[in-house]
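S.K.: The sequence shown begins at 1 in our numbering and counts up by one.
All C-beta atoms, glycine included, are put in the ideal place defined by N, C-alpha and C.
Note that the coordinates shown come from a computational prediction; the quantities given were computed from them, not determined experimentally.
A single structure is presented below for examination.
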Amino acid sequence: MNSSSKNAKINMAICYNLVKKRDMKRTISELIEEKAIKVDHGFDGPCQKLKRHTTMNTIANHLFCFLLVIFYSCNNSGTNSKTTLNEKIKVDNQGVNIDYYDSKTGDAILLFIHGWGSDQTYWANQVTPFVNKYRVVTLDLPGFGKSGRNRKSWTVEDYGKDVSVVLNKLDLRNVIIIGHSMSGAIAVETALTNPSRIIGVIGVDNFKDIGIVLTPKIEEEWRNFYRTARQNFKKTVSENMLQYLFSPSTDIIIRKRVSNDILNADTIMAVDCLENADKYPFVEKLKSLKKTLYLINSDFMPTDTLAFQRNKIDYDLFNIGTTGHYPMLEKPGDFNLLMQQAIDKIESKETK
């Protein structure tokens, strides 16, 4: 490299750095005057001085404009990239906000859906262990947590549409969907309506009694429960439901947390949600799924595996032992090991 071209590059670097300090026009003129950019080495007669002065002004103006474009292009490009990278996409279903967490990195995606009366924080013991290997997404179903409540319909199909909106807004593919409690039905409904995006379904302590026959007596008992729950939610749920959610081994802290969350839920939404979930045609939907249903269930209340066999529904049961209805809270280490086994089986089937 000759000395003139080397000087030119040095000069350009100096100019660019000084331009960033916003003293652009004056700086360039000073550099020219100080012969950082050399225009003429001859005799400085009146004409030559005028010519050099005009030339220097022209160069200064052109160089100023050129560097100004470079500066703002680079600056704005970096800002926009950073904004796009860190920006959280707003997700809502017909005006109902859906709050969610997205780790954003990973090829396979684990989408966690909480159960009745809880929220996405119930998956905290799963996010940390799995986030380094998978893209992890959790959400608050509308009516729960930080999501909106501004609607009147709370069916499994409604919630399936909510989750579908999340899938589409975040463009999630290669998804394994994990649903706890009533969200097992929501996970199945979502998988049925998004077959190209969902590769596997994992239920957590659910689908235990899909073979139950709804006799007139049972239906009458359910109607009475929902009627009294609408009249006095806390009393009815406390006396007729909470004790079935815990095993003798369930930690008192978990008992208090779950009880507090359920009893402070919106009464109308919570009862409607539970009643609609009980009406979901589980056997019919599971037959339509055409995928193996993976279950991580407690044996405190056993799973009716014969009902799966009678109805020719493909399932794989992982028994976590004696816990209450919240194995991911009560035995997080054991739960995560079983979930990894289920994930491995799902991914193995996908690669065949």
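Give me the Cα-Cα distance between residue 227 and residue 234, rounded to the nearest whole angstrom.
M.R.: On the sequence shown, residue 227 is found 227 positions in, with the first residue counted as 1. On the sequence shown, residue 234 is found 234 positions in, with the first residue counted as 1. Looking at the two C-alpha atoms, the distance is approximately 13 Å.
S.K.: Report buried or exposed for residue 213, applying the criterion of at least 16 other Cβ atoms within 10 angstroms of its Cβ.
M.R.: Numbered from its first residue, the sequence shown carries residue 213 at position 213. It is exposed - the Cβ of residue 213 has fewer than 16 other Cβ atoms within 10 Å.
S.K.: Comparing C-alpha positions only, which one of 310, 341, 254 and 315 sits nearest to residue 324?
M.R.: If you number the sequence shown from 1, residue 324 lands on position 324. Nearest C-alpha to residue 324: 254.
S.K.: Mapping the DSSP letters down to three states, classify residue 280 as helix, strand or coil.
M.R.: As a working mapping, residue 280 is identified with position 280 in the sequence shown. Residue state, collapsed to three classes: coil.
S.K.: Excluding five sequence neighbours on each side, which residues of the same chain lie with their C-beta closer than 7 Å to the C-beta of residue 90?
M.R.: Counted from its first residue, the sequence shown places residue 90 at position 90. Counting only Cβ-Cβ distances below 7 Å, and skipping sequence neighbours, we find nothing.
S.K.: Hey, residue 338 and residue 318: beta-carbon distance below 8 Å or not?
M.R.: The sequence position of residue 338 within the sequence shown is 338, counting from 1. The sequence position of residue 318 within the sequence shown is 318, counting from 1. Yes, the pair counts as a contact, with Cβ atoms nearer than the cut-off.
S.K.: Mark residue 135 as exposed unless 16 or more other C-beta atoms lie within 10 angstroms of its C-beta, in which case mark it buried.
M.R.: Stepping through the sequence shown from its first residue, residue 135 is reached at position 135. Buried, because 16 or more other Cβ atoms sit within 10 Å of the Cβ of residue 135.
S.K.: Do you know offhand how far residue 103's Cα is from residue 202's?
M.R.: Position 103 of the sequence shown holds residue 103. Position 202 of the sequence shown holds residue 202. Those two C-alpha atoms are separated by around 20 Å.
S.K.: Which of the three DSSP states is assigned to residue 214 in this structure?
M.R.: The residue you call residue 214 lines up with position 214 of the sequence shown. Of the three classes helix, strand and coil, the one that applies to residue 214 here is coil, per DSSP.
S.K.: Which of the three DSSP states is assigned to residue 179 in this structure?
M.R.: Taking the first residue of the sequence shown as position 1, residue 179 is located at position 179. Note: residue 179 maps to strand in three-state DSSP.
S.K.: Can you check which of these residues, 210, 258, 167 and 112, is closest to residue 286 by C-alpha distance?
M.R.: As a working note, residue 286 is residue 286 in the sequence shown. Nearest of 210, 258, 167 and 112 to residue 286, Cα basis: 210.
S.K.: With a CB to CB cut of under 7 Å and the five nearest residues on each side skipped, what residues in its chain are close to residue 30?
M.R.: Walking along the sequence shown from the start, residue 30 turns up at place 30. Confidence in residue 30 is poor, its pLDDT being 43 and thus under 50, which makes the residue's placement unreliable; the coordinate value appears in the next sentence. Correct list: empty, nothing qualifies.
S.K.: How would you call residue 264, buried or exposed, if buried means at least 16 neighbouring beta carbons within 10 angstroms?
M.R.: On the sequence shown, residue 264 is found 264 positions in, with the first residue counted as 1. By the 10 Å Cβ count, residue 264 comes out exposed.
S.K.: Under 6 Å Cβ to Cβ from residue 115, same chain only, skipping five residues before and after it: list those, please.
M.R.: In the sequence shown, the residue the question calls residue 115 occupies position 115. Counting only Cβ-Cβ distances below 6 Å, and skipping sequence neighbours, we find 180, 181, 182 and 183.
S.K.: Report the partner residues of residue 319 according to the DSSP bridge assignment.
M.R.: Counted from its first residue, the sequence shown places residue 319 at position 319. In DSSP, residue 319 forms a bridge with 297.
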